[in-house]
Amino acid sequence: MTRVSQSPANPLASPVWWLAVVTLLINDHVLKTAGVLPGILTGKLSDFAGLVVAPVLLVALLRVKSLRARIACFTVVGVGFSVVKLSGAAAIAAAGALTAIGIPSRIIADPTDLIALAVLPAAFLLTTPRPSTAIEMGPARTFFGRAGLVVGMIACMATSQTNQPMSSFWTTPAYLLNSTGAALDVRIRYYDGELDCEAIGDNAAHALAPSAFGEGVRFHLEAGQTVPLSQPDVLEATGEENEEVIPSPQCEIALIQSDAMPSTIVWWSNLSDVSVPTAVVPSELENRPDLLVGLVSLHLENGNLKATPRGLVKGDIAKATPGESTCPVQGKSFQWSHVTFADGDLTVVSVDNLPDGCTEVGLVYGDGMDPNADEHRISLCIPAGVFTFQPGETLSVSSTPGESRTLAFWSATKSVSLYSMSSGPEGELWPNATFNTVDCNGDRMECGGFSVPVTLLPTSGSVAIKPGQESTVDGPDGKKMRVLLGRAEQVLAARDACEPGRQSLGMRADYIVVIE
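Position one of the sequence shown corresponds to residue 614 (our numbering), numbered consecutively onward.
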């Protein structure tokens, strides 16, 4: 007869517990470094698996059997987890204490991780006594239970790999120092595009969205450890190469992120390289003025982790959304379809106003009387009433494709010319006008770029035209010239994600000139 008794559960032999252990090990040692899953997912996976492994392991280590003792074990784990996830200072202190006793650790505070507490009731069931048979309590189950103690402890101490310094000192203009007294994970990210950072200057936090910075490089910094901030030096420190590195010898901008700390943008210009030890005693820095020039210190202030620039490095808290703009409202871009026309007169056969606000113009070669003539249609997304040609009128058309595009319609009595022009810092957008930047704090673009509006002052005019506005001035041959300015800006930060014409630095302006 098989003997059945009410016996304490052996949770370390449970398949569910072993599944959590394996998940924790694979996640921390493989998935977090492989980059196959988002960091937020691997982080949550560790929390869920860890809250199954840790409290059950504590019950087994203490060999507690009573309901009250088991509840106490789970409460300790749950409360401890909550404290370090809610407080950056507590996370740093806990990691420092574990590291001091020989268990290298880093703990990331993140209130959203508290969702993992939901697995504690299920984990508690693994420690609940249940009817057991002599067969179930045999050697195999005993082996897995004992092995679970060792493997579980290893899993709880598992940490994912991060970059470690590869030298005894850095030669770099700016660097980051961990002055907290405990180990920290930090990520250093760089703008994913082209910057005129001298022009952006102290406006960097307003100008640059954190989402526009690249993935960057992550470091694990022990107390007193340093890491360079200059992008070429960071890549050299990790032994990595990045084809997307954009050299910026005069100035650089970096985004520093660490757990429980506001993302911080730092920038510097024209700093000379200095030799920085990979390990520094913060209290001794005051005797090394050469090391203070490019220092950014990670430290605790009133229990909160902060990144504070020293010397000639400047910094500010990054803003997911910019502050209030002091710039005038930007105008709309002018768009049109490109059609290549041969020489010869054309006749307007139709002008249709579309629901989206654009105008579609139908043109045929000749006088428009041939019913078999091919109709060429052009879509014009420009302000209403600007295209003044009517069906039956004869005109000529010319167009220029490319980053700087033009489209012109003209007859003996009038003309409508559309321009969407780009230029570098030395180029001209229109020889008959002057373009000047507006004195304001600039606007972020949806693509992650940044620009400042520009105004247009016609040579024959006396008042500058702001984006989205128009003015009528004297034109050639005594005619009046109506000038409309659409979207017009000086691009100070450009990314490939931006629309054509705004993927590089320089001035960009859409304008229309009507003469009649």
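Built from N, CA and C at the ideal position, the CB exists for glycine as well. These figures come from a predicted structure and were not determined experimentally.
Original post:
How would you label GLN774, buried or exposed, when you count the other beta carbons within 10 angstroms and need 16 or more for buried?
Top reply: Counted from its first residue, the sequence shown places residue 774 at position 161. Its pLDDT being 44, under 50, GLN774 is placed unreliably by the model, and nothing is read from it.
Original post:
Considering only C-alpha positions, which residue in the set ASP660, SER910 and ALA626 is nearest to LEU638?
Top reply: Translated into positions along the sequence shown, residue 638 becomes position 25. Taking LEU638 as reference, the option from ASP660, SER910 and ALA626 with the minimal CA-CA separation is ASP660.
Original post:
Quick one: what does DSSP say GLN844 is sitting in, helix, strand or coil?
Top reply: Taking the sequence shown and counting its residues from 1, the one referred to as residue 844 is at position 231. If DSSP states are grouped into helix, strand and coil, GLN844 belongs with the helices.
**OP:** Rank THR921, LYS698, PRO734 and VAL696 by C-alpha distance to the C-alpha of VAL666 and give the top, closest one.
**Re:** As a first step, residue 666 is located in the sequence shown; it is residue number 53 there, counting from the start. The residue with the shortest Cα to Cα distance from VAL666 is PRO734.
**OP:** Taking CYS810 as part of the beta strand (DSSP E), name the residues at either end of that continuous run.
**Re:** Against the sequence shown, residue 810 aligns to sequence position 197. Taken as a continuous stretch (DSSP letters only), CYS810 belongs to no beta strand (DSSP E), being part of the alpha helix (DSSP H) at 810 to 813.
Subject >> Segment contact flag, the segment 936 to 947 with the segment 958 to 977, C-beta cutoff 8 Å, min 3 pairs >> reply: Touching, no, given that fewer than three Cβ pairs across the two stretches are closer than 8 Å.
Original post:
Whole beta strand (DSSP E) runs in the segment 1034 to 1083 with 3 or more residues, listed along the chain?
Top reply: As far as the segment 1034 to 1083 is concerned, its whole beta strand (DSSP E) runs of at least 3 residues are 1046 to 1050 and 1063 to 1071.
Subject >> Beta-carbon separation (whole angstroms), LEU739 vs SER843, contact threshold 8 Å >> reply: Here residue 739 corresponds to residue number 126 of the sequence shown, with the count starting at 1. Here residue 843 corresponds to residue number 230 of the sequence shown, with the count starting at 1. In this structure, LEU739 and SER843 do not form a Cβ contact; the two beta carbons are roughly 51 Å apart against a cut-off of 8 Å.
Subject >> Residue range of the beta strand (DSSP E) that includes ILE869 >> reply: Mapped onto the sequence shown, residue 869 falls at position 256. Residues 864 to 871.
Original post:
Can you tell me whether HIS819 is buried or exposed, with buried defined as 16 or more other CB within 10 angstroms of its CB?
Top reply: Locating residue 819 in the sequence shown gives position 206, counting from the first residue. By the neighbour-count rule (16 or more Cβ atoms within 10 Å), HIS819 is buried.
Subject >> 7 Å Cβ cutoff, PRO875 in contact with chain C >> reply: The question asks about chain C, but that chain is absent: this structure has only one protein chain.
Subject >> Between the CA atoms of PHE1063 and PRO935 - distance to the nearest angstrom >> reply: Mapped onto the sequence shown, residue 935 falls at position 322. Mapped onto the sequence shown, residue 1063 falls at position 450. Taking the straight line joining both Cα atoms gives about 11 Å.
**OP:** Grab me the residues of ALA1107's own chain with a C-beta within less than 7 Å of its C-beta, minus the 5 sequence neighbours each way, in chain order.
**Re:** What you label residue 1107 is simply residue 494 of the sequence shown in a count that begins at 1. Same-chain partners within the cutoff: GLY806, GLU807, GLY1062, ARG1115, GLN1116, SER1117 and LEU1118.
Original post:
Using 8 Å as the threshold, is the segment 1012 to 1031 in touch with the segment 1060 to 1080, meaning 3 or more CB pairs across them?
Top reply: In short, these stretches do not touch, since the Cβ pair count stays below three.
**OP:** Please name the residue or residues paired with LYS1093 in a DSSP beta bridge.
**Re:** Along the sequence shown, one-based indexing puts residue 1093 at 480. Per DSSP, ASP1087.
Original post:
Are the CB atoms of GLY837 and VAL893 nearer to each other than 7 Å?
Top reply: As a first step, residue 837 must be located in the sequence shown, where it is residue number 224. As a first step, residue 893 must be located in the sequence shown, where it is residue number 280. Between GLY837 and VAL893, the C-beta gap is smaller than 7 Å, which places the two residues in contact.
Original post:
Does the Cβ-Cβ distance between TYR803 and THR839 come in under 7 Å?
Top reply: Working through the sequence shown from its first residue, we reach residue 803 at position 190. Working through the sequence shown from its first residue, we reach residue 839 at position 226. If you check the CB distance, TYR803 and THR839 do not come in under 7 Å.
**OP:** Have a look at PRO823 and LEU632 and give me their C-alpha separation to the nearest angstrom.
**Re:** The sequence position of residue 823 within the sequence shown is 210, counting from 1. The sequence position of residue 632 within the sequence shown is 19, counting from 1. Whole-angstrom Cα-Cα distance: 37 Å.
Subject >> Pairwise C-alpha distance: LEU654 and PHE1002 >> reply: Position 389 of the sequence shown holds residue 1002. Position 41 of the sequence shown holds residue 654. Distance between the alpha carbons of PHE1002 and LEU654 is about 59 Å.
Original post:
Under the rule that 16 or more other beta-carbon atoms within 10 Å means buried, what is MET1120, buried or exposed?
Top reply: For the purposes of this step, residue 1120 is taken as the residue at position 507 of the sequence shown. Only buried fits MET1120, as 16 or more other CB atoms lie within 10 angstroms of its CB.
**OP:** In angstroms with no decimal places, state the Cα-to-Cα distance between VAL961 and VAL1010.
**Re:** The sequence position of residue 961 within the sequence shown is 348, counting from 1. The sequence position of residue 1010 within the sequence shown is 397, counting from 1. VAL961 and VAL1010: Cα-Cα distance of roughly 11 Å.
**OP:** Spell out a yes or no on whether the segment 907 to 924 and the segment 949 to 960 are touching, meaning 3 or more CB-CB pairs, one atom from each, closer than 8 Å.
**Re:** Verdict: no, contact absent.
Subject >> Per-residue DSSP class, three states only, for LYS932 >> reply: In the sequence shown, counting from the first residue as 1, residue 932 sits at position 319. Note: LYS932 maps to coil in three-state DSSP.
**OP:** Using 10 angstroms around the beta-carbon of SER871, count the other beta-carbons present and answer buried if the total reaches 16, otherwise exposed.
**Re:** Your numbering for residue 871 matches position 258 in the sequence shown. Burial check for SER871: the Cβ neighbour count within 10 Å reaches 16 or more, so the residue is buried.
**OP:** Return helix, strand or coil for SER963, following the three-state DSSP convention.
**Re:** Taking the first residue of the sequence shown as 1, we reach residue 963 at position 350. Secondary structure at SER963: strand, using DSSP grouped into helix, strand and coil.
Original post:
Where ILE801 and ARG831 are concerned, what is the direct C-alpha to C-alpha distance, given to the nearest angstrom?
Top reply: Against the sequence shown, residue 801 aligns to sequence position 188. Against the sequence shown, residue 831 aligns to sequence position 218. If I take the Cα positions, the gap works out to 6 Å.
Original post:
How about PRO786 and GLY907: do their beta carbons lie closer than 7 Å?
Top reply: Here the question's residue 786 lines up with position 173 in the sequence shown. Here the question's residue 907 lines up with position 294 in the sequence shown. Using a Cβ distance threshold of 7 Å, PRO786 and GLY907 count as a contacting pair.
Original post:
Near SER781, which residues of its chain fall below 8 Å by C-beta distance, leaving aside the five closest residues on each side in sequence?
Top reply: As a first step, residue 781 must be located in the sequence shown, where it is residue number 168. Taken in chain order, the residues that qualify are PRO890 and THR891.
Subject >> ILE995, enclosing alpha helix (DSSP H) - first and last residue >> reply: Residue numbering aside, residue 995 sits at position 382 when the sequence shown is read from its first letter. In the DSSP annotation of this structure, ILE995 is not part of any alpha helix (DSSP H), being labelled neither H nor E.
**OP:** Name, in chain order, the residues that DSSP records as bridge partners for ARG598.
**Re:** Because the chain spans 614 through 1129 in this model, residue 598 falls outside it and cannot be assessed.
Original post:
Exposed or buried, GLY663, counting other C-beta atoms within 10 Å across all chains shown (16 or more means buried)?
Top reply: The count along the sequence shown starts at 1 and reaches residue 663 at position 50. So GLY663 ends up on the buried side.
**OP:** Quick one: residues in its chain with C-beta nearer than 6 Å to the C-beta of GLU1112, no 5 flanking neighbours on either side, listed in chain order?
**Re:** As a position in the sequence shown, residue 1112 is number 499, starting the count at 1. By the criterion of a C-beta distance shorter than 6 Å, GLU1112 is surrounded by no residue of its chain, once the five residues flanking it on both sides are discounted.
**OP:** Could you tell me which residues DSSP pairs with VAL1010 in its beta bridges?
**Re:** Position 397 of the sequence shown, counted from the first residue, corresponds to residue 1010. DSSP, once it has assigned bridges, lists PHE1022 as partnering VAL1010.
Original post:
Going by other Cβ atoms of all chains shown within 10 Å of its Cβ, with 16 needed for buried, is GLU811 buried or exposed?
Top reply: For this step, residue 811 is matched to residue 198 along the sequence shown. So GLU811 ends up on the exposed side.
Subject >> Distance CB(PRO1080)-CB(ALA1046) smaller than 7 Å >> reply: Counting from 1 along the sequence shown, the entry for residue 1080 is found at position 467. Counting from 1 along the sequence shown, the entry for residue 1046 is found at position 433. Not in contact: PRO1080 and ALA1046 (Cβ atoms no closer than 7 Å).
**OP:** Give me whichever residues DSSP pairs with ARG800 in a beta bridge.
**Re:** Along the sequence shown, one-based indexing puts residue 800 at 187. According to DSSP, ARG800 bridges with ARG831 and GLN870.
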